[in-house]
Amino acid sequence: MRSFKYYTATSWEDAVATLGKYKNAQIVAGGSDVLGWIKDELTGPGAPLADVLIDIRTIPNTSYINYDATAGLKLGALTTLTTVAESSDVQKNYPGLATAAVSPASPSIRNVGTIGGNIMQRPRCWYLRGANFPCYKKGGDFCFSVTGENQYHAILQGELCYIVHPSDTAPALISLNATANVMGPNGAKQIPFDQFFIGPRTNVLKETVLEHNEILTEIVVPPPAANTKSVFMKVTQRGVYDFALVSIAVAAQIVNGVWQDGRVVLGGVAPTPYRATDAEAALKGKKIDANVALQAAQDTLVKARPMSQNAYKVDIAKNIIVQAVTSLVS
Amino acid sequence: MPAAKSYVTPLDYEKMTPEEREWAVLTGRADLDRAMKEGTPRSTTPPASPPAQPSADYAVVGKPQKDLEGYRIVTGKSTFTVDVYLPDMLYVRVLRSPLPHAKITSIDTSKAAALPGVYGIITYKDIPAQVLAGLKPVMASEPALVGDPIAAVAAVDETVAEDALNLINVQYQQLPFIVDPIAGAKSGAPLALSNLQSNVSGPDFKVVRGDVNQGFASADVTVEHTVNTQDQQHVALEPHIAVARWDNDVLTMWTSSQYTHAIARIVAATLGMPYSKVRVISAFTGGGFGDKTAVYPYHLVAALLAKKTMRPVRYELTRLDVFYEGSHHFQVVQDIKLGFKKDGTLVALQADSTARLGAYSRGSGLAGDTLSGARLEYNIPNILLNGRGVITNTSSAGARRSVGEASGMFALETLMDVAAEKLGMDPVDLRLKNINETGDPESKLPWTSNGLRDCITNGASAFNWKSRWQGWANVNKGAGPLKTGVGFMALASNKGSKSPPMTAVVEINVDGSVRVVQGAAHIGGPQRTTFAIIAAETLGANLDQLSVSEPDTAFTTDTGIVAGSRATKSVGSAVKAAAEDARAQLLGYAAAKFSKDLSRTVNPQDLAVTNGQISLQTDSSVKPITFADAVNSGFIIVDGQQVPAAATIIGRAVVPPVTQYAQQTYAAAFYEVQVNVQTGVVRVTDAMQIHDVGKVINPLQLTNQVHGGSVQGTGFALTEDYIYDTATGIPVSSNLDDYKMLMINDVPKITALFVESNDAVGPFGAKGIGEPAFMAAAAAISNAIYYAAGIRLTSLPMNPKRVLEALKA
Ligand SMILES: Cc1cc2nc3c(=O)[nH]c(=O)nc-3n(C[C@H](O)[C@H](O)[C@H](O)COP(=O)(O)OP(=O)(O)OC[C@H]3O[C@@H](n4cnc5c(N)ncnc54)[C@H](O)[C@@H]3O)c2cc1C
Ligand code: SF4
């Protein structure tokens, strides 16, 4: 591993100011993603290797879970995935999020990996994670996946770059209509997670709207409306310790088996967590059964544009939408 | 019928690297070639094997024994090479080629050399042309794969060394390259190395038996398919590592190795030193699976940088370094065809195998190994086998828990299943009908033993095959998205043979303790425990009297490689013979002592040794004596006379190779899978392997070997895939996230059962297990997937992509 400078931040403002000072600085939370990135020497014309790491674990009061029935859930960005998954408040009120938080990686990674880091983690495209591929996302002028090995790549909304968003918690948070609290040079602001992630056409060098010197500080999830049910499912090759081939988070208010309102969000299929609005529209007001769910799945996946090796993911996505949606009424 | 002509094209041993010769020995090819060359075997009736004693008569053999080293290992007190840190040690990092094929046009290390903390740098300019690691360049001037070493830096720590690598400026001239072996074999394909005439390496491997055309003409049923198996990585827990130190002209090297003596021998020869001046130590080896059998560039990098800097250096490869520099289980593309009579009798086999050799493997031997099982498992009068190796710009092909046989067995045993359906036969019955129980048709040598029939029948009844497999009418009959099915395969393997060198020493000391001196790696077998059991049983000693030496070329003899599933049979044979020698001497001491104490003549043959006690069989009133009593007495009987003797006993053995038998191991495997037809995910839900191990030496560790083998075999079948990007020649699944090893949740209940066929040459009738345990999985899983979901998968791994694509086809 190459050498880097290491700062311990004392406050969000301190971290933001230090980030502003160094062009190639990066935040380190649990370090489970960012250190791997540096070890693998992943750098390119638009993606310099971090030479400064700013540790935000040293900022006081950044790891917490607060729940109350009117304000909803507040998660400090530095809360570990394990803590989120094991919280009884989360389990009781947001089962989809609890499942999503226990789904990434292994217990040891979840014990250090933070919810903020999980949302902000970089994609796993194996060309991106290989040192010798100067692709678009590293500031180069080529996407190796288009003519190369793309069995794990995007089936929806790929253009320029065909990564899939790797986070398990992000689809769950979007399905629950959560909001990000962000600190930047001009102070704090709120961004709904629905608008937090950006595709390659907007900016291929990053995956979120956050600027270099902006930090995710807190995650806020509104209290669940009456009759809300939520679920998270994930299809992997191995039983555990595997990124999603396809994942899905669904949260909906269901009364007497009828879908009142809700969200369907897919992971592992597109460069951002994919909000399946076509599915949501197809489900709205319907009594949920396998046929209705299948219609929702089909409406979503007519838009799929699989690459040379990943058409199988369309089948998985279709089947898992049906499974997840029908599970809410079974 | 005219006498069928039958031959195997012999390998050219002169042209082989030491590494390749090692494999030829391990894979039984050397035995076969020798037998073929010598013509008719010396005797057609095999020498009678000593009748095995019933298990109950053994005091130690056959009883479950924990690894004698287990406590040290789990408490962190055992010294693996990764634990070796020396005073003043420097750390090495290596710059590796980003291109699959290129020529270096310039290389400038001056900036790196000027970095504080950097003590030495080597590039190809510092390496004499003859200094190679096998065929691998220590430092490449014409890199022939992504990851070939370009420059090595020794510095005060790894971070400084890596910063230094970044300051090295290399200019390359890119050359054409080839990744795919089928494309590479075509004329006009880019050459993988500029000095090659063709990527096809050496003459084809060829076996002809009978007349294959006539055979197929006479067949009632013919089946064929094409099988593509992937590159697989070993992923030993301990990475490849070498720590080197020079004391004047003596080089000491600690390395994680399966064969210290070969490392010492080859490092010495390569550096032009006497063998006696290179000392190699591998006290414990954290896994190898075939990839730690040879000298690799990293060994020589460590030796040369230690010499250059006059300080000890340590080069611990990163996982990516291991993936690049190590040798892999290699991709093989096989076309295979079988012909049967209506009643299931096999009449013809034709198979063609193309192996991807990578940049630095040579010959058709590896392709030949994939065809070995097909040649020997069943009685087939007409055979035509062809194999070739194709040199490519990928990491080298090599030994990996079966070399090529796992791929060959996958091709054969899935096709046997296809045939069984076409013939309307139970796949178990089809195998039973065709087993070759006689011997090797080409060398004409009889088997040392063949327990395949028992493996199959015992397994079928233990697995309840007759009720779990419900006939071919019930393929894909499950309702719902989760389909369950069972599958079966049989297995014959040339691994697990007794092969030279086989030497050992057994010492009995004044205090009665016994030390086995041997140089085999302790690598999970656990070999030292096996040797202790064998020596204890032979001597009549208690297991706690035993200790076994750690591999260190300064103190042990060359016991041979721990690979090819040979340690129990080969090293074990030597240990047994040395223990017999020591026992004979011990009885001499004991007879002298009894004679003296009783004032009458006692002969060694009057004595019995059990549980560490030597007793007079002819007179139970005489109190038995201990080993210590005997050795301490200081006299032995020579020609009936008492003669003073040293207070230590040294038994030794150099065991000759086996020339009168052909050696094979056998197994049957029964697997149950669950196929999710909505997601394509396959889970193994039940696994049973039944192995002919000749004789069970230690049931506990044998079972462990089957567990490990089944897990690795299932990974080979379902998830592990070392994928190259063909456009750039760069491997993409070169990390442990994308290279998918199974996790413990993926492991079902595994049942290990054993058949004792009493091998004619193994110690106590034992033979090997390591590789067969790995091979006895993939075909059974593929057959089970077919039974569950009606899809035949002939490419590995059988991942969701392949499952869903097949379901749609
Ligand atoms: C082998 C492996 C398997 C994995 N499998 C999965 C999986 O299946 N599903 C899944 O969802 N994840 C998976 N992960 C990702 C894992 O969950 C993340 O690595 C982890 O959650 C990141 O948290 P961290 O605190 O360690 O982040 P770090 O590594 O410290 O940071 C990650 C990135 O986010 C940035 N960052 C961190 N915190 C903030 C913040 N508050 N504001 C702004 N930027 C920030 C960092 O600068 C860095 O770029 C896997 C990781 C590994 C190594
Ligand atoms: S998909 Fe994106 S990250 Fe991957 S190679 Fe293409 S541009 Fe790079």
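Sequence lines, in order, name chains A and B. In terms of this note's numbering, the first sequence opens at residue 632 and continues consecutively. In terms of this note's numbering, the second sequence opens at residue 2 and continues consecutively. Where a beta carbon is used, it is the ideal one built from N, C-alpha and C, also for glycine.
Below 6 Å, is the gap between the Cβ of residue i and the nearest heavy atom of ligand 2?
{"i": "residue 969(A)", "result": "As shown, chain A starts at 632 and ends at 961. That puts residue 969(A) outside it, with no answer to give."}
{"i": "residue 793(A)", "result": "yes"}
{"i": "residue 768(A)", "result": "yes"}
{"i": "residue 798(A)", "result": "no"}
{"i": "residue 775(A)", "result": "yes"}
{"i": "residue 456(B)", "result": "no"}
Looking at C-alpha atoms only, which residue of the options is the closest neighbour of residue i?
{"i": "residue 298(B)", "options": "597(B), 397(B) and 228(B)", "result": "397(B)"}
{"i": "residue 597(A)", "options": "749(A), 814(A), 865(A) and 876(A)", "result": "Lying outside 632 to 961, the shown extent of chain A, residue 597(A) is not represented and no answer is given."}
{"i": "residue 927(A)", "options": "913(A), 656(A) and 935(A)", "result": "913(A)"}
{"i": "residue 659(A)", "options": "699(A), 678(A), 749(A) and 868(A)", "result": "749(A)"}
{"i": "residue 159(B)", "options": "788(B), 316(B), 700(B) and 668(B)", "result": "316(B)"}
{"i": "residue 778(B)", "options": "684(B), 178(B), 701(B) and 81(B)", "result": "684(B)"}
{"i": "residue 565(B)", "options": "585(B), 494(B), 601(B) and 322(B)", "result": "494(B)"}
{"i": "residue 595(A)", "options": "896(A), 830(A) and 948(A)", "result": "In the structure displayed, chain A extends from 632 to 961; residue 595(A) sits before or after that span and is not available."}
{"i": "residue 372(B)", "options": "281(B), 209(B) and 631(B)", "result": "209(B)"}
{"i": "residue 869(A)", "options": "732(B), 256(B), 677(B) and 698(B)", "result": "677(B)"}
{"i": "residue 854(A)", "options": "637(A), 699(A) and 681(A)", "result": "699(A)"}
{"i": "residue 930(A)", "options": "908(A), 747(A), 937(A) and 957(A)", "result": "908(A)"}
{"i": "residue 573(B)", "options": "400(B), 646(B), 441(B) and 764(B)", "result": "764(B)"}
{"i": "residue 97(B)", "options": "166(B), 106(B) and 58(B)", "result": "166(B)"}
{"i": "residue 664(B)", "options": "473(B), 496(B), 483(B) and 385(B)", "result": "496(B)"}
Examine ligand 1 and report whether any of its heavy atoms sits within less than 6 Å of the Cβ of residue i.
{"i": "residue 751(A)", "result": "yes"}
{"i": "residue 580(B)", "result": "no"}
{"i": "residue 658(A)", "result": "yes"}
{"i": "residue 662(A)", "result": "yes"}
{"i": "residue 876(A)", "result": "no"}
{"i": "residue 678(A)", "result": "no"}
{"i": "residue 263(B)", "result": "no"}
{"i": "residue 897(A)", "result": "no"}
{"i": "residue 847(A)", "result": "yes"}
{"i": "residue 665(A)", "result": "yes"}
{"i": "residue 740(A)", "result": "yes"}
{"i": "residue 646(A)", "result": "no"}
{"i": "residue 815(A)", "result": "no"}
{"i": "residue 937(A)", "result": "no"}
{"i": "residue 735(A)", "result": "yes"}
Hey, residue i and residue j are a contact pair by Cβ (cut 8 Å); roughly how many whole angstroms apart?
{"i": "residue 389(B)", "j": "residue 205(B)", "result": "5 Å"}
{"i": "residue 145(B)", "j": "residue 194(B)", "result": "5 Å"}
{"i": "residue 790(A)", "j": "residue 940(A)", "result": "Contact flag wrong, Cβ pair sits at about 18 Å."}
**Request:** Flag this pair as touching only if the region 744 to 755 of chain B and the region 534 to 543 of chain B have three or more C-beta atom pairs under 8 Å; answer yes or no.
**Result:** no
**Prompt:** Looking at C-beta atoms only, is the number of pairs between the region 673 to 685 of chain A and the region 761 to 772 of chain A that lie closer than 8 Å three or more?
**Reply:** yes
**Request:** Return the chain-ordered ranges of every alpha helix (DSSP H) run that is complete within the region 343 to 424 of chain B and spans a minimum of 4 residues.
**Result:** 366 to 371, 373 to 377 and 406 to 424
**Asked** Do the region 831 to 845 of chain A and the region 799 to 809 of chain A touch if we need at least three Cβ pairs shorter than 8 Å?
**Response** no
**Asked** Counting Cβ pairs, one atom from each stretch, are 3 or more of them under 8 Å apart for the region 608 to 620 of chain B and the region 663 to 674 of chain B?
**Response** no
**Message:** Across the region 311 to 330 of chain B and the region 545 to 564 of chain B, are there enough close Cβ pairs to call them in contact, namely three or more that are closer than 8 Å?
**Reply:** no
**Prompt:** Do three or more CB pairs link the region 24 to 32 of chain B to the region 823 to 830 of chain A at distances below 8 Å?
**Reply:** no
**Message:** Restricting to runs no shorter than 3 residues, where is the beta strand (DSSP E) found entirely within the region 106 to 168 of chain B?
**Reply:** 119 to 124 and 150 to 156
**Request:** May I ask you to verify whether the region 321 to 341 of chain B touches the region 349 to 367 of chain B, counting CB pairs closer than 8 Å and requiring at least 3?
**Result:** yes
**Prompt:** Is the number of C-beta pairs between the region 511 to 522 of chain B and the region 586 to 601 of chain B that are closer than 8 Å three or more?
**Reply:** no
**Item:** the region 296 to 315 of chain B in contact with the region 253 to 270 of chain B per 3-pair CB rule at 8 Å
**Value:** yes
**Item:** Three or more C-beta pairs below 8 Å linking the region 215 to 234 of chain B and the region 265 to 281 of chain B
**Value:** no
**Request:** Enumerate, from N- to C-terminal direction, the unbroken alpha helix (DSSP H) stretches of 4 or more residues contained entirely within the region 724 to 803 of chain B.
**Result:** 771 to 776 and 779 to 790
**Prompt:** Is it true that the region 745 to 762 of chain A meets the region 704 to 711 of chain A, where meeting means three or more beta-carbon pairs spaced less than 8 Å apart?
**Reply:** yes
**Prompt:** With a cut-off of 8 Å, do at least 3 Cβ pairs link the region 750 to 765 of chain A to the region 731 to 743 of chain B?
**Reply:** yes
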